[in-house]
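With the working numbering applied, the first sequence closes on residue 574, and no number is skipped along the way. Everything below concerns the one structure shown next.
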Amino acid sequence: MKQRLQERFAAAIEMLKRDGVLAPDQQVAVRFEHARQKQHGDFATNVALSLGKACRQTPRELAQLIIDALPAAPEIAKVEIAGPGFINVFLAAASQFNIVGTIRDAGNEYGRSNLGAGQKVIIEFVSANPTGPLHVGHGRGAAFGDSMARLLTATGFEVTKEYYVNDAGRQMDILAISVWLRYLELCGEQVTFPENAYQGDYIFDIAATVHREHGDRYRRPSDKLRTEIDDPDLESQLDALIQRAKILLGHEGYRYVLGVGLDALTADIRGDLEQFNVKFERWFSERSLLDDQRVDNAIQALARSGYVFERDRALWFRSTAFGDEKDRVVVRESGAPTYFASDIAYHLNKLERGFDRLIDVWGADHHGYLPRMKAALQAMEYDPDRLVVLLVQFAALYRGGEKVSMSTRAGEFVTLRELRREVGADAARFFYVQRKSEQHMDFDLDLAKSQSNENPVYYVQYAHARICSVFRQAAEKNIDTSDLGGADLSLLGESHEIALVNTLSRFPEVVENAAANYEPHRLAYFLRNLANDFHTYYNAHNFLGVAPGLRRTRLALIDATRQVLTIGLELIGVSAPDKM
RNA sequence: GCGCCCAUAGCUCAGCUGGAUAGAGCGUUGGCCUCCGGAGCCAAAGGUCAGAGGUUCGAAUCCUCUUGGGCGCGCCA
């Protein structure tokens, strides 16, 4: 409807240009917004206000000229000038109600658009290190990323969801040593478990699996584990322990233990996310980049740019040339590439796979990492704007008013699984996605659990279930609901019906805005509004107990409502139950 | 110290990229049909949009400064 109005007004503007009121080269964009108050009609534009100065007219005079030039249009009932020069448009009721038919004809397609025009987008999110179960902090990224993927798909992008598995590097070694030490304990060895290794119970489970399947095969005498290291630094001691383990177990044994841990945790995370209604097209291994020399290739590609140099026997990327705070190491003194180097390879790989836009969802603590990543792309002559990084702020956790730590190593976190079991995947997803991603979020676990019944998701789902219930009642009373398409929409007109229809008609616009701005929370708010409009209507009017003609019309309206609720909930990964 | 993010009702948050009288949920107070599901509906109270300047017809929204909070500044990932 907005677009229709824009066309009408553009025609009027053209007319004024021809009449010399406006300069022919004057750039004019007529923007409409939904009027907040009823007395201001349905849509309002400030075009006369913004143009007034350019043509030396007062805004109100110009508004009048525009209105006079406006072509006759059946959808417009009335046009008014208000305030300093707003033009308020009142729509003809009949043309508004047609949306009910449009929605029902479009079915599941309603709200979809071709904004993306088939552009290939890869969205990478969660990507938590596979060193422990996901905690509630990861849940926010998961809910956000997945909803974004759904929104982008609905708006005509070709979307691939990917999880980058950080299965290389020191964190993996710490995982391996943690598993192995617990395993040795099970074998009956006396070992001191370092406090900076992974403390979580899940490590025992993995160790137990190894012990059950292989007995003492990976057992080594614990006295050989002792390292003669004076360094009081716990991290250095841990590294020394890892070195001992590699020697004692041999390459294959060590790889085995590490692999068991990695596989177990990856599988755990994958299952957890599936229960959360999040599925990835691909789990991309960081190690595979190293194994296939793609990291080396990337470093060479970067070197060809001329922004790579050697210092202190390490290889550096001159990222400061592109605005980064300092230059960054890509190959360590030891010869091992940094995490940054494999990340460059990963992003290069995404570009080579033909994605037009790379979307990364990161925790806000990684924001300092963005300039160097963009710099790398720029150095290799890619447009850095093809990388879009969406930062999701931390969710500070509280339990009984106390802040809860979320350290994976210390094993002191609340898992996503726990949360899901307490409140359910639907409530958790809705709760997460309700918040704007760049907004800090206080997550009170006790509140989230105790209020599970007051979560707005139930309010929205209840609206859907209620509509389904009305149709069940209709069936019981042998009321024919098969020909809602033939409903006479001109019978609508109650204020609650107008409000509901207006909200329904805004849905495609909300989806587009949510996708274009990477703001799925808009959809959550829209759905709450829609549910509110419906509940209010439900309370004020009867659907089944009225004359057959009106009954059919109202059923068509609430059926369209049910459809939009289903589509909208689906877009944020929440179910639309028939009964609750 | 430098950089990024944030500050809106008692609490948790929206505010449609600068519009008209700043809105929801929770909590508080009062009300609702013997009828399609009361997980609902209606109403009231609650605000110096952190503070101060600036930009303009017009600012919660844009700019500067101040205050207060979160995060980052590794040859960790």
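Glycine included, every Cβ here is placed at the ideal spot set by N, Cα and C.
Are there any heavy atoms of the ligand PLP lying less than 7 angstroms away from the beta-carbon of residue 74, as far as the coordinates show? This structure simply doesn't include the ligand PLP, nor any ligand for that matter.
Can you name the residues that DSSP bridges to residue 117? According to DSSP, residue 117 bridges with 155, 353.
Cβ shell of residue 46 (< 7 angstroms), same chain only, five flanking positions each side left out: Closer than 7 angstroms at the Cβ level, and outside the excluded window around residue 46, lie 52, 53, 56, 79.
As assigned by DSSP and simplified to three states, the class of residue 475: coil
Leaving aside the five residues before and after residue 308 along the sequence, list all residues of the same chain whose C-beta is less than 7 angstroms from its C-beta, in chain order. 323, 325, 326, 327
Going by alpha carbons, who is nearest to residue 271 out of 552, 252, 419? 419
Near residue 143, what residues of its chain come up, given a Cβ to Cβ distance below 7 angstroms and the 5 sequence neighbours on each side ignored? 117, 153, 155
Own chain, CB closer than 6 angstroms to residue 74, minus 5 neighbours either side, in chain order: Here the set comprises 82.
According to DSSP, residues forming a beta bridge with residue 277: 157
Do you know offhand how far residue 524's Cα is from residue 149's? 21 angstroms
Considering only C-alpha positions, which residue in the set 234, 177, 471 is nearest to residue 213? 177
Can you tell me where the alpha helix (DSSP H) with residue 289 in it begins and where it stops? Here the alpha helix (DSSP H) through residue 289 covers 288 to 298.
Give every residue of the same chain whose Cβ lies closer than 6 angstroms to the Cβ of residue 258, excluding the five residues on either side of it in the sequence, and list them in chain order. 200
Beta-carbon proximity of residue 380 to residue 313, cut-off 8 angstroms: no
Check residue 302 in the structure and name its three-state DSSP category. Here residue 302 carries a strand assignment [DSSP, helix/strand/coil].
What is the DSSP secondary structure of residue 11, counted as helix, strand or coil? helix
Sequence ranges, alpha helix (DSSP H) only - wholly within the stretch 25 to 81, length at least 4: 41 to 45, 53 to 63
So, with DSSP's three-state summary, where would you put residue 186? Coil, per DSSP.
My parser needs the beta strand (DSSP E) runs of 3 or more residues fully inside the stretch 406 to 462; what are they? 435 to 438
Cβ-Cβ distance between residue 30 and residue 478 below 8 angstroms: No.
How many angstroms separate the CA atom of residue 571 from the CA atom of residue 296? 52 angstroms
Looking at the unbroken beta strand (DSSP E) that takes in residue 384, where does it start and where does it end? For residue 384, the enclosing beta strand (DSSP E) begins and ends at 381 to 386.
Are there 16 or more other CB atoms within 10 angstroms of the CB of residue 40, so buried, or fewer, so exposed? buried
Count the CB pairs spanning the stretch 160 to 176 and the stretch 241 to 252 that are closer than 8 angstroms, and state whether there are at least three. yes
Fully enclosed by the stretch 86 to 118, which beta strand (DSSP E) runs are 3 residues long or longer? Taking 3 residues as the minimum length, the beta strand (DSSP E) runs contained wholly in the stretch 86 to 118 are 114 to 118, in order along the chain.
For residue 206, name the three-state secondary structure that DSSP assigns. Residue 206: helix per DSSP, three-state reduction.
Residue 568, enclosing alpha helix (DSSP H) - first and last residue: Element bounds for residue 568: n/a, residue is neither H nor E.
Alpha carbon to alpha carbon, what distance is there between residue 37 and residue 71? Going by the C-alpha atoms only, they are around 12 angstroms apart.
How far does the beta strand (DSSP E) with residue 518 in it extend, from its first residue to its last? Where residue 518 is concerned, there is no enclosing beta strand (DSSP E), although the alpha helix (DSSP H) it sits in stretches over 515 to 534.
Tell me which residues share the same chain as residue 576 and place their Cβ nearer than 7 angstroms to its Cβ, disregarding the 5 neighbours each side in the sequence. Within the shown structure, residues of the chain are numbered from -5 to 574, placing residue 576 beyond reach of any answer.
Residue 486 by DSSP, collapsed to three states: which one? coil
What separation, rounded to the nearest whole angstrom, lies between the Cα atoms of residue 387 and residue 281? 28 angstroms
Is it right to say residue 215 is buried, meaning 16 or more other beta carbons lie within 10 angstroms of its own, or is it exposed? The residue is exposed, with fewer than 16 neighbouring Cβ atoms inside 10 Å.
Identify which residue in 435, 384, 369 has its Cα closest to the Cα of residue 301. 369
From residue 292 to residue 343, what does the alpha carbon distance come to, in whole angstroms? Going by the C-alpha atoms only, they are around 9 angstroms apart.
Could you give the DSSP three-state label for residue 311: helix, strand or coil? strand
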